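Participant:
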Amino acid sequence: MTGEGAERRRWHVPAPVRPFGALVALALIYALALGLGWGGGLSGAWLAAWAAAAAASSLMYAAVRAPQTAAGKIDRDMWRWFGVAALAWCAGATVNAVSRLVISRAVVTVSPADLFLLVAPIAITAGFLAPIRLPRSARPWLRYLADTYVCACALFVVGWVAIFDRLYHASGEGWGQFLIELRYPVLDAALVCALFPMALVAVRANHRPAALAYCALLVLSAADVVYAVLRLNDDATHGIPADVVRAAGLLLLAAVPWLGRGEGPAEDTRRPLVGPGLAPAATAAAAAIFVAGHTLTGARGLRPIVPIVAGSAVLVLLARLAELVRENDRLARAAASGEEHFRALAESINDVVLICGLDGVVQYVSAGPRRSYHYTAEDLLGRPVYDVVHPEDLPRVVDAVTAFLDTDCELDVARIACRIRATDGTWLPTESTISRYGRAGDGTDQLLVTTRDFSEQVALERQVAHLTFHDGLTGLPNRAYLEERAREKVGRSQGPVAVVFVDLDGFTAVNDSIGHAGGDQLLAQAARRIRAGVLADDTVARWGGDEFAVLMESAAEVQTVVDLGERLLRALAGEPYRVADRGIVLTASVGIAFTEDGIEGAELIRNADIALSRAKNLGGGRVEVFAAKMHADVMRRLELGSDLQRALTEQQFAVEFQPVVELATSRVTGVEALVRWWRDGVSVPPEEFIGTAEESGLMVPLGNWVLREACAQVARWRENGWEIGLSINLRPREIAAAHFVDSVAAALADSGLPPGALTLEVKEEVLVDGSDELIERLSALRDLGVRLAIDDFGTGYASLAFLRQLPVDVIKIDPSFVSGLGRDETLTLLTRTIARVGRDLGLTVVAEGVERPEQLELLREMGCPRGQGYLVSRPMAPSGIEALVQLNPRGEASIPLHGSVISAS
Numbered sequence: 001m002t003g004e005g006a007e008r009r010r011w012h013v014p015a016p017v018r019p020f021g022a023l024v025a026l027a028l029i030y031a032l033a034l035g036l037g038w039g040g041g042l043s044g045a046w047l048a049a050w051a052a053a054a055a056a057s058s059l060m061y062a063a064v065r066a067p068q069t070a071a072g073k074i075d076r077d078m079w080r081w082f083g084v085a086a087l088a089w090c091a092g093a094t095v096n097a098v099s100r101l102v103i104s105r106a107v108v109t110v111s112p113a114d115l116f117l118l119v120a121p122i123a124i125t126a127g128f129l130a131p132i133r134l135p136r137s138a139r140p141w142l143r144y145l146a147d148t149y150v151c152a153c154a155l156f157v158v159g160w161v162a163i164f165d166r167l168y169h170a171s172g173e174g175w176g177q178f179l180i181e182l183r184y185p186v187l188d189a190a191l192v193c194a195l196f197p198m199a200l201v202a203v204r205a206n207h208r209p210a211a212l213a214y215c216a217l218l219v220l221s222a223a224d225v226v227y228a229v230l231r232l233n234d235d236a237t238h239g240i241p242a243d244v245v246r247a248a249g250l251l252l253l254a255a256v257p258w259l260g261r262g263e264g265p266a267e268d269t270r271r272p273l274v275g276p277g278l279a280p281a282a283t284a285a286a287a288a289i290f291v292a293g294h295t296l297t298g299a300r301g302l303r304p305i306v307p308i309v310a311g312s313a314v315l316v317l318l319a320r321l322a323e324l325v326r327e328n329d330r331l332a333r334a335a336a337s338g339e340e341h342f343r344a345l346a347e348s349i350n351d352v353v354l355i356c357g358l359d360g361v362v363q364y365v366s367a368g369p370r371r372s373y374h375y376t377a378e379d380l381l382g383r384p385v386y387d388v389v390h391p392e393d394l395p396r397v398v399d400a401v402t403a404f405l406d407t408d409c410e411l412d413v414a415r416i417a418c419r420i421r422a423t424d425g426t427w428l429p430t431e432s433t434i435s436r437y438g439r440a441g442d443g444t445d446q447l448l449v450t451t452r453d454f455s456e457q458v459a460l461e462r463q464v465a466h467l468t469f470h471d472g473l474t475g476l477p478n479r480a481y482l483e484e485r486a487r488e489k490v491g492r493s494q495g496p497v498a499v500v501f502v503d504l505d506g507f508t509a510v511n512d513s514i515g516h517a518g519g520d521q522l523l524a525q526a527a528r529r530i531r532a533g534v535l536a537d538d539t540v541a542r543w544g545g546d547e548f549a550v551l552m553e554s555a556a557e558v559q560t561v562v563d564l565g566e567r568l569l570r571a572l573a574g575e576p577y578r579v580a581d582r583g584i585v586l587t588a589s590v591g592i593a594f595t596e597d598g599i600e601g602a603e604l605i606r607n608a609d610i611a612l613s614r615a616k617n618l619g620g621g622r623v624e625v626f627a628a629k630m631h632a633d634v635m636r637r638l639e640l641g642s643d644l645q646r647a648l649t650e651q652q653f654a655v656e657f658q659p660v661v662e663l664a665t666s667r668v669t670g671v672e673a674l675v676r677w678w679r680d681g682v683s684v685p686p687e688e689f690i691g692t693a694e695e696s697g698l699m700v701p702l703g704n705w706v707l708r709e710a711c712a713q714v715a716r717w718r719e720n721g722w723e724i725g726l727s728i729n730l731r732p733r734e735i736a737a738a739h740f741v742d743s744v745a746a747a748l749a750d751s752g753l754p755p756g757a758l759t760l761e762v763k764e765e766v767l768v769d770g771s772d773e774l775i776e777r778l779s780a781l782r783d784l785g786v787r788l789a790i791d792d793f794g795t796g797y798a799s800l801a802f803l804r805q806l807p808v809d810v811i812k813i814d815p816s817f818v819s820g821l822g823r824d825e826t827l828t829l830l831t832r833t834i835a836r837v838g839r840d841l842g843l844t845v846v847a848e849g850v851e852r853p854e855q856l857e858l859l860r861e862m863g864c865p866r867g868q869g870y871l872v873s874r875p876m877a878p879s880g881i882e883a884l885v886q887l888n889p890r891g892e893a894s895i896p897l898h899g900s901v902i903s904a905s
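The sequence shown begins at 1 in the UniProt record's numbering and counts up one residue at a time.
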């Protein structure tokens, strides 16, 4: 930037300020001319009037410019009214100047300019009322007008005594004509008094434009007083000084938008209408002092103006005082009613309500202490409330109260939790709310304390916490508690920690037979035996179902923990459980795991669970200690379960069939369906994946698939003239599955296989331990026409009476008996007995595991009707069965067997 440009920028004056600068310059020149005596008479009065008109024009310019920069609608409304006032002043000054020049050289008492000059103050008042939220009812208006009238009358009396009384007696005019001369000062006094409260609000709210505007109004009022005084003194130049002062006031008012820019409140909200406060009393007192002083000095009387004005003011003041008395009485009644409501509320609630001094001394007590703490009012009144606070909580309570009293905010509320002593010496948990409390009118500062007894809530919280971490049946900690405890102990323990898992063998079958209520009784007895068998420092928890867990926090030696496991086995199986007048004997399985380097609580529990699973897989009734190999086996089973799911989806399974022959007639009577799994081209033995399928929940869909595939294949063979039956082995989970009977009926219907051609095999131990629901489902299958067989008969210790009650058609002799034929006399005798019993009961007997010719001969000799095994055929695919079967000369299908022919017709 060049030096010349910088110089122009430094002397640059903003455009809105230029007119005011010019006017100020003209005012200074005009004041200098007056001081030097230039001009005079009519020319000077005319120039003064036009100067006032020019100042009013500047105010009009400001009133037009200000709304464009005002922050809110309220300020814009205020300046619109100021613009109206400026227009009226400008018109009045112009008319006044013309009247002085044209009408007469003498200044008239009343002129057409008065019409405009009286409108201007009223417009200024409307501008001041723009930011005010005006009341809608008449009562606030009456109060406001009464206060304003008293203030105005007091100012008028002061002005009369100080200034106008002498002029009035010197003028010789009547008081009515004299009051006309004082029309502007009287109106100004009323407006100054009316707007005084707004000016106070503006100063407190830092609203500089309104405060400056009020100052300008005071200057304009002073101009009117100067004009009236000079006019009554018959000063030929009385208009000139008044016009100069008026011009100064107008310039100040015009400069308000720029002098007060950015100082107004940020929010665009209207303030409520407020009264002048103590101003009426103060001005009335000042007026009385002036009148008294005027009288004491022996001055002439003040009649008739002052008595009239003062009397009217006194009447208004008395009316105002009467209204204040009524208002005070209403507020007193409201305060008394509020006090009564407060006490009624305090007496009706269960909370304790106290009013204390700042030193904590109790001054009021509600009925709450009598109900909650059994204190009477006399027990607490006049005593420090700290006397009933628990000593451990007292320092904290005192610090909280002290901090609360040190705060400046009267609306602060302090909440303090502490224990309070009841009369019986018990300590009750409470929560207190402390706030400031002052009685209306007395100015005292007290503390309002509301205390609530939280004993029931604390007890409920403890009960909820206990229920959350404890088992409701046995009262022992639950799984969540043991997991949290194990995590803590393993994380910080310096010595070995052990977890012992205990499971009741065969509990599910017992629970189904005796009912859930009886099962719950049995579990409660087992929990007591376990709790009695461990150390007091050990944590016993119910893990879930019939499983329990023991956390030993100081497992110094492995053998000590193993001995504990053995001791628990003996305790659980040593004596029968008494349930529903029955003695039930159960065994248990125990799995043990110890902490190792880097192991966490969750891993420790998992390892104990793995050891328990191994104990159960090995037949139960034993103790197993976790080894790393167990985890590998579990991972392998998990991987196998995942592959099983995929194999079922991708149909990687196949069904093979093993023929069942009629030993006496050498005829193939049926086939047994067996599932096979080729995992990535490698055959997986059924004993490896069947158990995993049951554990993973895939046994039901897998068994349903085998049922449908086998029924469809046998139905096709029967369509070709092979009148053979189908046998399928069932697992317990399949029978217990929902809609099992419906799925069997659907498979028969879809394949077209007759129900009598299907035999479903169930292991003997399943039937012996079975529930009533299982027997009902088997009976439903019989109702469909399906035949039922007991598989592995002779291993489940079923009595003959029980066998007669079962809805079965076929019994299958376990291969362990058949393998001993001809070699073990006991097994031979047992097999002969089973064959004879089945024949006597009208049941079909099938011998399984026939592998040697001598076994076949002995079975025929015993009268066993049917058999199956490797001697007849291994399980084969349907195509293998079809290739193995041959037709004899009579058209019967047959299988060559060591020189004899077993036929399938």
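Glycine included, every Cβ here is placed at the ideal spot set by N, Cα and C.
Quick caveat, the model's predicted, so the values are computed rather than measured.
Whether or not the region 746-763 and the region 709-719 are in contact is what I'm after, with contact meaning three or more pairs of Cβ atoms, one per stretch, closer than 8 Å; do they touch?
Facilitator: The region 709-719, when compared against the region 746-763, does touch it at the 8 Å Cβ threshold.
Participant: Rounded to whole angstroms, what is the Cα-Cα separation between Thr426 and Gln457?
Facilitator: Residue numbering aside, residue 426 sits at position 426 when the sequence shown is read from its first letter. Residue numbering aside, residue 457 sits at position 457 when the sequence shown is read from its first letter. A straight line joining the alpha-carbon of Thr426 with that of Gln457 spans about 16 Å.
Participant: So the beta strand (DSSP E) Thr423 belongs to, where does it begin and stop?
Facilitator: Counting from 1 along the sequence shown, the entry for residue 423 is found at position 423. That residue, Thr423, is in no beta strand (DSSP E); it is neither H nor E in DSSP.
Participant: Using a threshold of 8 Å, state whether the C-beta atoms of Val497 and Ile530 are closer than that.
Facilitator: Along the sequence shown, read from residue 1 onward, the residue named residue 497 stands at position 497. Along the sequence shown, read from residue 1 onward, the residue named residue 530 stands at position 530. Not a contact, by the Cβ cut-off of 8 Å.
Participant: Rounded to the nearest angstrom, what separates Leu129 and Ile355 at their Cα positions?
Facilitator: Looking up residue 129 in the sequence shown gives position 129. Looking up residue 355 in the sequence shown gives position 355. Cα to Cα, Leu129 sits roughly 45 Å from Ile355.
Participant: Which same chain residues end up closer than 6 Å to Pro596 when comparing Cβ atoms and leaving out the 5 residues on each side of it in sequence?
Facilitator: Numbered from its first residue, the sequence shown carries residue 596 at position 596. Note on identity: in this sequence residue 596 is Glu, with Pro being the wrong assignment. Closer than 6 Å at the Cβ level, and outside the excluded window around Glu596, lies no residue.
Participant: If you measure from the beta carbon of Ile592 to each beta carbon in chain C, is any gap under 8 Å?
Facilitator: Among the protein chains of the structure shown there is no chain C, as only one such chain exists.
Participant: Does DSSP classify Phe657 as helix, strand or coil?
Facilitator: Residue mapping note: residue 657 aligns to position 657 of the sequence shown, counting from 1. If DSSP states are grouped into helix, strand and coil, Phe657 belongs with the strands.
Participant: Can you grab the Cα-Cα spacing for the pair Ala414 / Asp379, in whole Å?
Facilitator: For the purposes of this step, residue 414 is taken as the residue at position 414 of the sequence shown. For the purposes of this step, residue 379 is taken as the residue at position 379 of the sequence shown. Distance between the alpha carbons of Ala414 and Asp379 is about 25 Å.
Participant: How would you call Gln868, buried or exposed, if buried means at least 16 neighbouring beta carbons within 10 angstroms?
Facilitator: As a position in the sequence shown, residue 868 is number 868, starting the count at 1. Buried is the call here.
Participant: Please work out which residues of its chain come closer than 6 Å, Cβ to Cβ, to Leu522, disregarding the five sequence neighbours upstream and downstream, and give them in chain order.
Facilitator: As a working note, residue 522 is residue 522 in the sequence shown. Closer than 6 Å at Cβ, skipping near neighbours: Tyr577 and Val579.
Participant: Give the DSSP bridge partners of Pro429, in chain order.
Facilitator: Counting from 1 along the sequence shown, the entry for residue 429 is found at position 429. Pro429 is bridged to Arg419.
Participant: What are the boundary residues of the alpha helix (DSSP H) that Val850 is part of?
Facilitator: Your numbering for residue 850 matches position 850 in the sequence shown. Here Val850 belongs to no alpha helix (DSSP H), and DSSP marks it neither H nor E.
Participant: Would Val585 be called buried (16 or more neighbouring beta carbons within 10 Å of its own) or exposed?
Facilitator: Position 585 of the sequence shown, counted from the first residue, corresponds to residue 585. Val585 comes out exposed.
Participant: Drop a sphere of 10 angstroms on the beta-carbon of Thr665, count the other beta-carbons inside from all chains shown, and report buried for 16 or more, exposed for fewer.
Facilitator: Position 665 of the sequence shown holds residue 665. Classification of Thr665: exposed, given that the 10 Å Cβ count is below 16.
Participant: Is the beta carbon of Leu640 sitting closer than 8 Å to the one on Val675?
Facilitator: Taking the first residue of the sequence shown as position 1, residue 640 is located at position 640. Taking the first residue of the sequence shown as position 1, residue 675 is located at position 675. Not closer than 8 Å, so no.
Participant: Judging by CA-CA distance, which residue of Ser879, Ala313, Asp742 and Asp359 is the nearest neighbour of Ala654?
Facilitator: Here residue 654 corresponds to residue number 654 of the sequence shown, with the count starting at 1. Checking every option, the nearest Cα to that of Ala654 belongs to Ser879.
Participant: By how many angstroms is the C-alpha of Glu672 removed from the C-alpha of Ile728?
Facilitator: Locating residue 728 in the sequence shown gives position 728, where the first residue counts as 1. Locating residue 672 in the sequence shown gives position 672, where the first residue counts as 1. Those two C-alpha atoms are separated by around 6 Å.
Participant: Are the beta-carbon atoms belonging to Pro755 and Leu784 less than 8 Å from one another?
Facilitator: By 1-based counting over the sequence shown, the position of residue 755 is 755. By 1-based counting over the sequence shown, the position of residue 784 is 784. Yes, they are a contact pair.
Participant: Below 8 Å between beta carbons: does that hold for Trp89 and Ala120?
Facilitator: Walking along the sequence shown from the start, residue 89 turns up at place 89. Walking along the sequence shown from the start, residue 120 turns up at place 120. For Trp89 and Ala120, yes; Cβs fall inside 8 Å.
Participant: Ordered along the chain, which non-local residues of its own chain (more than five positions away) have a Cβ less than 7 Å from that of Gly794?
Facilitator: To locate residue 794, count along the sequence shown from 1; it is residue 794. Taken in chain order, the residues that qualify are Ile813, Asp814, Phe817, Leu830 and Ile834.
Participant: Rounded to whole angstroms, what is the Cα-Cα separation between Ala284 and Val161?
Facilitator: Within the sequence shown, the letter at position 284 stands for residue 284. Within the sequence shown, the letter at position 161 stands for residue 161. Their backbone Cα atoms lie some 13 Å apart in a straight line.
Participant: On the CB-based measure, 16 or more other CB atoms within 10 Å of its CB, does Gln651 come out buried or exposed?
Facilitator: Residue 651 sits at position 651 when you count from the first residue of the sequence shown. Exposed is the call here.
Participant: For Asn704, does the three-state DSSP call read helix, strand or coil?
Facilitator: Along the sequence shown, read from residue 1 onward, the residue named residue 704 stands at position 704. Residue state, collapsed to three classes: helix.
Participant: Checking 8 Å against the spacing of the C-beta atoms, do Asp520 and Leu473 come in under that value?
Facilitator: By one-based count along the sequence shown, residue 520 stands at place 520. By one-based count along the sequence shown, residue 473 stands at place 473. Going by C-beta atoms, Asp520 is nearer than 8 Å to Leu473.
Participant: Leaving out the 5 sequence neighbours to the left and right, which residues in its chain are closer than 6 Å to Ala313 when beta-carbon positions are compared?
Facilitator: Residue numbering aside, residue 313 sits at position 313 when the sequence shown is read from its first letter. So the qualifying residues of the chain are Val150 and Cys153.
Participant: Do Ile724 and Gly681 have their CB atoms nearer than 8 Å?
Facilitator: Residue numbering aside, residue 724 sits at position 724 when the sequence shown is read from its first letter. Residue numbering aside, residue 681 sits at position 681 when the sequence shown is read from its first letter. The answer is no: Cβ separation not under 8 Å.
Participant: Is Phe501 helix, strand or coil when you go by DSSP?
Facilitator: For the purposes of this step, residue 501 is taken as residue 501 along the sequence shown, with counting starting at 1. Looking at Phe501 - three-state DSSP - the assignment turns out to be strand.
Participant: Straight-line CA distance for Ile122 to Ala332?
Facilitator: As a first step, residue 122 is located in the sequence shown; it is residue number 122 there, counting from the start. As a first step, residue 332 is located in the sequence shown; it is residue number 332 there, counting from the start. Distance between the alpha carbons of Ile122 and Ala332 is about 39 Å.
Participant: Given this structure, state the Cα-to-Cα distance separating Thr508 from Met552, to the nearest angstrom.
Facilitator: As a first step, residue 508 must be located in the sequence shown, where it is residue number 508. As a first step, residue 552 must be located in the sequence shown, where it is residue number 552. Cα to Cα, Thr508 sits roughly 28 Å from Met552.
Participant: Considering only the alpha carbon of each residue, which of Arg614, Glu861, Gly598 and Ile592 lies closest to Ile605?
Facilitator: Taking the sequence shown and counting its residues from 1, the one referred to as residue 605 is at position 605. It is Ile592.
Participant: On the criterion of 16 or more Cβ atoms from any shown chain inside 10 Å, does Tyr481 qualify as buried, or is it exposed?
Facilitator: For the purposes of this step, residue 481 is taken as residue 481 along the sequence shown, with counting starting at 1. Burial call: buried.
Participant: Using the Cβ count rule (16 or more neighbours within 10 Å means buried), how would you classify Val325?
Facilitator: Here residue 325 corresponds to residue number 325 of the sequence shown, with the count starting at 1. Val325 comes out exposed.
Participant: If you follow the alpha helix (DSSP H) that Ala454 is part of, which residue opens it and which one closes it?
Facilitator: Here residue 454 refers to the residue found at position 454 of the sequence shown. First, the residue type needs correcting, since residue 454 is Phe and not Ala in the sequence shown. Unbroken run through Phe454: none, as it is neither H nor E.
Participant: On the DSSP bridge list, what partners appear for Val540?
Facilitator: Along the sequence shown, one-based indexing puts residue 540 at 540. DSSP lists Val550 as partners of Val540.
Participant: Check this for me: beta carbons of Pro865 and Leu663, under 8 Å apart or not?
Facilitator: Taking the first residue of the sequence shown as 1, we reach residue 865 at position 865. Taking the first residue of the sequence shown as 1, we reach residue 663 at position 663. Yes.
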